[in-house]
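**Q** Counting in our numbering, the final residue of the sequence shown is number 344, and the numbers go up one at a time with none missing.
Note that beta-carbon positions come from the ideal geometry of N, C-alpha and C, so glycine has one too.
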Amino acid sequence: MDKYNASAVTRAPLDRLGRPLRDLRLSVTDRCNFRCTYCMPREVFGPDHAFLPKSDILSFEELSRLARIFVALGVEKVRLTGGEPLLRRELPVLISQLSAIDGLRDIAMTTNGSALVQFAKPLHAAGLRRLTVSLDALDDGIFRAMNDVDFPVHRVLAGIDAAVVAGFAPLKINMVVKRSVNEDQIIPMARRFRGPEFILRFIEYMDVGNTNGWRMDDVVSAREIISRLQGVFPVDPVAPNYPGEVARRYRHRDGGEIGVIASVTQPFCRGCTRARISADGHFYTCLFASEGHDLRALLRSGMRDEGITQSIRAIWQGRGDRYSELRSAATILQPKAEMSVLGG
Ligand code: SAM
Ligand code: SF4
Ligand code: SF4
Numbered sequence: 001m002d003k004y005n006a007s008a009v010t011r012a013p014l015d016r017l018g019r020p021l022r023d024l025r026l027s028v029t030d031r032c033n034f035r036c037t038y039c040m041p042r043e044v045f046g047p048d049h050a051f052l053p054k055s056d057i058l059s060f061e062e063l064s065r066l067a068r069i070f071v072a073l074g075v076e077k078v079r080l081t082g083g084e085p086l087l088r089r090e091l092p093v094l095i096s097q098l099s100a101i102d103g104l105r106d107i108a109m110t111t112n113g114s115a116l117v118q119f120a121k122p123l124h125a126a127g128l129r130r131l132t133v134s135l136d137a138l139d140d141g142i143f144r145a146m147n148d149v150d151f152p153v154h155r156v157l158a159g160i161d162a163a164v165v166a167g168f169a170p171l172k173i174n175m176v177v178k179r180s181v182n183e184d185q186i187i188p189m190a191r192r193f194r195g196p197e198f199i200l201r202f203i204e205y206m207d208v209g210n211t212n213g214w215r216m217d218d219v220v221s222a223r224e225i226i227s228r229l230q231g232v233f234p235v236d237p238v239a240p241n242y243p244g245e246v247a248r249r250y251r252h253r254d255g256g257e258i259g260v261i262a263s264v265t266q267p268f269c270r271g272c273t274r275a276r277i278s279a280d281g282h283f284y285t286c287l288f289a290s291e292g293h294d295l296r297a298l299l300r301s302g303m304r305d306e307g308i309t310q311s312i313r314a315i316w317q318g319r320g321d322r323y324s325e326l327r328s329a330a331t332i333l334q335p336k337a338e339m340s341v342l343g344g
């Protein structure tokens, strides 16, 4: 069933491949308290790394204004991300501002879960209804090695419990699977997050940015993940919730859902309807783009909403991105923005 209403789809501009603008990801900070080896390797994001100065980051008012403009163009779903969004001070205030936007039906957030014990309740009270927590392992040693800041897994698990108690259900759990690093966690994670309150999603390790040393050999394919699961917990495929859904869905025979995001081995560019705004207000039309379009300059130039709307429309209409369908040894080396900068 298409969860987008017909008027929004008619209003939304189409890109060069006929894809409507439907989803918006707002990065609220480029900073993070983790140094996940596949995202912000500490050799690159070390103590000397220059993060964005505060003045370069969009204010809550600028973020809400942009969201309003995108919603007027047909977007119905906004996801907050980063860096780690909960490092942004007073984030529930932004959620309240977004909740007040007419026509915005769905506000979601992706977090590493490290601060959820403190924030789960205030986020829910402010109007956030959908939450995704990234968690790559249940084994404490593996988890600490992957976040590379020695963060204990029990604190994320406590955050997940707090989120369920606060009313986030079902809660999505994202697990990036990396060969020889956490592949032995697939089954324990499936066991732990099997109930109706969770949707566990396995994500193929991607070549985002240029710093994580990505190699195809490190990718555990969706097909392999599912076949490993089938041996222990039989699952059956389920139809997508809506066109363009990135996760392929499966259901445990005894209830509960899982998903796999096969961006490397089964690309889904054809259905990709996502716009991304980096913390410094650049508009990226693809996760693998090297550069974004500077909307912050427009926001701060005194331009009226109509002018900004026109610019966004024109950028979207010129979009032809389909990186994952064209991935090759050559594309992997292309300059790309880092995930922590443009928002995962
Ligand atoms: N810090 C938050 C978090 O980790 O949930 C939000 C931002 S993070 C960039 C968003 C998502 O991107 C996380 O689920 C993370 O696991 C995923 N991610 C980061 N680097 C990745 C990579 N190289 N391949 C696949 N997924 C990746
Ligand atoms: Fe931080 Fe999220 Fe990237 Fe990990 S994946 S380093 S938690 S932004
Ligand atoms: Fe969308 Fe780019 Fe990913 Fe393809 S590679 S699905 S166009 S973000």
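Gly-318 and Arg-25: beta carbons closer than 8 Å?
**A** It is not a contact, given that the beta carbons lie outside the stated cut-off.
**Q** Please identify the residue among Ser-311, Gly-127, Val-44 and Cys-272 whose C-alpha is closest to the C-alpha of Gly-18.
**A** Gly-18 has its Cα closest to that of Cys-272, out of Ser-311, Gly-127, Val-44 and Cys-272.
**Q** Taking just the CA atoms, how far does Thr-309 sit from Phe-70?
**A** Straight-line Cα distance between these residues: approximately 8 Å.
**Q** Could you tell me which of Ala-100, Thr-132 and Lys-77 sits nearest to Leu-86, measuring between CA atoms?
**A** The shortest C-alpha separation from Leu-86 is found at Thr-132.
**Q** For ligand 1, is there any heavy atom lying closer than 7 Å to the beta carbon of Ser-340?
**A** It does: the Cβ of Ser-340 is within 7 Å (strictly closer) of some heavy atom of ligand 1.
**Q** Could you give the first and the last residue of the continuous beta strand (DSSP E) run that contains Leu-131?
**A** Per DSSP, Leu-131 belongs to the beta strand (DSSP E) from 130 to 134.
**Q** Which residues share a DSSP beta bridge with Phe-198?
**A** Answer is Leu-171.
**Q** Just verifying my parser: in three-state terms, what is the DSSP assignment at Asn-224?
**A** For the record, residue 224 in the displayed sequence is Glu; it is not Asn. If DSSP states are grouped into helix, strand and coil, Glu-224 belongs with the helices.
**Q** Have a look at Pro-243 and Gly-46 and give me their C-alpha separation to the nearest angstrom.
**A** Those two C-alpha atoms are separated by around 40 Å.
**Q** Buried or exposed for Asn-241, going by 16 or more other Cβ atoms inside 10 Å?
**A** Per the 10 Å Cβ criterion, exposed.
**Q** Can you grab the Cα-Cα spacing for the pair Gly-113 / Asp-305, in whole Å?
**A** So the two alpha carbons sit approximately 35 Å from each other.
**Q** Could you name the residues whose beta carbon sits closer than 7 Å to any heavy atom belonging to ligand 3, keeping them in chain order?
**A** Qualifying residues, in the order they occur: Ser-263, Pro-267, Phe-268, Cys-269, Cys-272, Arg-274, Cys-286, Leu-287, Phe-288, Asp-321, Arg-322, Tyr-323, Ser-324 and Glu-325.
**Q** Between Val-176 and Tyr-323, which are expected to be in contact by the criterion C-beta below 8 Å, what is the C-beta distance as a whole number of angstroms?
**A** That belief does not hold up - the Cβ atoms of Val-176 and Tyr-323 are roughly 18 Å apart, past 8 Å.
**Q** Is Ile-284 near ligand 1, going by C-beta to nearest heavy atom under 7 Å?
**A** Note on identity: in this sequence residue 284 is Tyr, with Ile being the wrong assignment. No, the Cβ of Tyr-284 stays beyond 7 Å of every heavy atom of ligand 1.
**Q** So for Leu-80, helix, strand or coil by DSSP?
**A** Three-state DSSP puts Leu-80 in a strand.
**Q** Look up Pro-237 in the DSSP assignment and give the residues it is bridged to.
**A** BP columns for Pro-237 point to Tyr-250.
**Q** Quick one: what's got a C-beta closer than 7 Å to Gln-334's C-beta in the same chain, skipping five residues either side?
**A** Closer than 7 Å at the Cβ level, and outside the excluded window around Gln-334, lie Ser-290.
**Q** Could you tell me the alpha carbon to alpha carbon distance between Ile-225 and Ser-55, rounded to whole angstroms?
**A** Between Ile-225 and Ser-55, the C-alpha separation is close to 43 Å.
**Q** Under the assumption that Leu-298 contacts Ser-311 (Cβ atoms under 8 Å), give the Cβ distance between them as a whole number of angstroms.
**A** Their Cβ separation, rounded to whole angstroms, is 6 Å, which keeps Leu-298 and Ser-311 in contact under 8 Å.
**Q** Return the CA-CA distance between Leu-91 and Arg-253, expressed in angstroms with no decimal places.
**A** In a straight line, the C-alpha of Leu-91 is about 39 Å away from that of Arg-253.
**Q** How is the beta strand (DSSP E) around Met-109 delimited, first residue to last?
**A** Start and end: 106 to 111.
**Q** Thinking Ile-203 and Lys-172 are a contact (beta carbons under 8 Å), I'd like their distance in whole angstroms, please.
**A** With a Cβ gap of about 11 Å, Ile-203 and Lys-172 do not count as contacting.
**Q** Could you give the C-beta distance for Met-40 and Leu-80, rounded to a whole number, given that I count them as a contact under 8 Å?
**A** At roughly 18 Å, the Cβ-Cβ gap does not stay under 8 Å, so Met-40 and Leu-80 are not in contact.
**Q** Does the beta carbon of Arg-42 fall short of 7 Å from some heavy atom of ligand 2?
**A** Checking the Cβ of Arg-42 against ligand 2 gives no.
**Q** On a CA-only basis, which of Ser-99, Arg-155 and Pro-152 is nearest Leu-128? Give me that one, please.
**A** Among Ser-99, Arg-155 and Pro-152, the Cα nearest to that of Leu-128 belongs to Ser-99.
**Q** Does DSSP put Lys-336 in a helix, in a strand, or in coil?
**A** In the structure shown, Lys-336 sits in coil (DSSP, three-state: anything other than H, G, I, E or B).
**Q** Which of the three DSSP states, helix, strand or coil, is assigned to Phe-119?
**A** Phe-119: helix per DSSP, three-state reduction.
**Q** What whole-angstrom Cβ distance do Glu-76 and Asp-106 have, given they're in contact under 8 Å?
**A** That belief holds up - the Cβ atoms of Glu-76 and Asp-106 are roughly 6 Å apart, short of 8 Å.
**Q** May I ask you to check if the CB of Glu-84 is nearer than 7 Å to at least one heavy atom of ligand 2?
**A** Glu-84: yes, Cβ under 7 Å from ligand 2.
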